[in-house]
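Numbering (the working numbering), first residue to last: 4 to 67. One structure is given here, and the rest of the page talks about it.
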C-alpha cells in the first residue's frame, strides 16, 4: 500500500521535525542537532521525508 500523505521537504529553521528514530543514534543526532548548523555553514542541505504522523527518513546533499 502506498501512503499518499508522504512528502519530501527542505529542512528549514521553521521546520518542526516529527518523531524520528532510525535505530542509529548517530543518524538520529545528525538530523535533530546537526542538520541545521550544516545548512548554515553551507556544508549540506537536508531533506525530510515524512507523513502526517512522523518523520520517515531524511537525506542530505553535499557538494562543492
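Just so it is clear, CB atoms sit at the ideal spot from N, CA and C, and this is done for glycine as well.
Cβ neighbours of residue i in the same chain (closer than 6 Å, five flanking residues each side left out)
i, result
"residue 49", "14, 38, 61, 63"
"residue 11", "50, 52"
Test item: CB-CB of residue i and residue j under 8 Å
i, j, result
"residue 55", "residue 8", "yes"
"residue 46", "residue 65", "yes"
Nonlocal neighbours in the same chain, by C-beta distance under 8 Å from residue i, ignoring five residues either side
i, result
"residue 21", "53, 56, 57, 58"
"residue 16", "39"
Helix, strand or coil at residue i according to DSSP, with G and I counted as helix
i, result
"residue 21", "coil"
"residue 45", "coil"
"residue 91", "What the structure shows of the chain is the stretch from 4 to 67, and residue 91 is not part of that stretch, so it cannot be assessed."
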